Amino acid sequence: MGEELKVIVFSLAHEQYGVEVDKVKTIERMQPLTRVPKTPAFVKGVINLRGVVVPVIDLRGRFNLPEADYTDNSRIIIVAVKDLEVGMIVDTANDVVDVDSDAIEQPPEIVGGIRAKYLHGLAKLKDDRLLVLLNLEEVLNKAEIVQLEQLGD
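Residues in the sequence shown are numbered from 1 upward in steps of one, following full-length UniProt numbering.
Next comes the structure, spelled out in structure tokens:
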């Protein structure tokens, strides 16, 4: 048995994804976004979260998945990457699971249309679900992080 990772499970386009709990600050309900000009289409805008301006991206747009309307189940997962907080819009945020690090396999080149560089790995859960673990540093690559940091100023 490897070490246990606590992972927040969320869904996007009927697939299950996960990010490590220690990278997640909060999970918020959808709220009005202030659009910012001259940003990539997947950057939906910024929110004011308890006095802090947080850029928000739509993970469907980031991964070139079909867009969907936001629902009562849509959530903004606020994650910390390097010294930056970013909100990620997801279809639902389901639960928290423990993943054995030994159960994480290298991702194939493309999973559900998402290039492997965005993925940390694939984890098979005890209930035989397959969980796609995101590599947040790549999901928010350096050039985009610099752009998003400027939004927060």
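Glycine included, each C-beta is placed from N, C-alpha and C at the ideal position.
These numbers come from a predicted model, not from an experiment.
* Based on the DSSP output, what are the partners of residue 131 in its beta bridges? -> 123
* To do: Kindly provide the ranges of any beta strand (DSSP E) runs that are 3 or more residues long and lie completely inside the segment 12-77, ordered along the chain.
  => 15-20, 24-29, 43-49 and 52-58
* **Spatially closest choice to residue 75 from 50, 105, 26 and 22, by CA coordinates** => 26
* Asked: Counting pairs of beta carbons, one from the segment 95-107 and one from the segment 44-56, are three or more of them closer than 8 Å?
  -> no
* Report the residue from 73, 139 and 126 whose alpha carbon sits nearest the alpha carbon of residue 11. => 73
* **Three-state class that DSSP yields for residue 140 in the structure shown** => When secondary structure is reduced to three states using DSSP, residue 140 falls in the coil class, being assigned neither helix nor strand.
* For residue 55, count neighbouring C-beta atoms within 10 Å of its own C-beta (all shown protein chains included) and say buried if the count is 16 or more, exposed if not. => buried
* Asked: Taking C-beta to C-beta, are residue 15 and residue 139 nearer than 8 Å?
  -> no
* **C-alpha distance - residue 125 paired with residue 53, whole-angstrom precision** => Roughly 36 Å between the two C-alpha positions.
* To do: Tell whether a beta-carbon distance below 8 Å holds between residue 79 and residue 136.
  => yes
* Asked: Which residue comes first and which comes last in the beta strand (DSSP E) that contains residue 3?
  -> Segment: none, residue 3 is in no beta strand (DSSP E) and carries neither H nor E.
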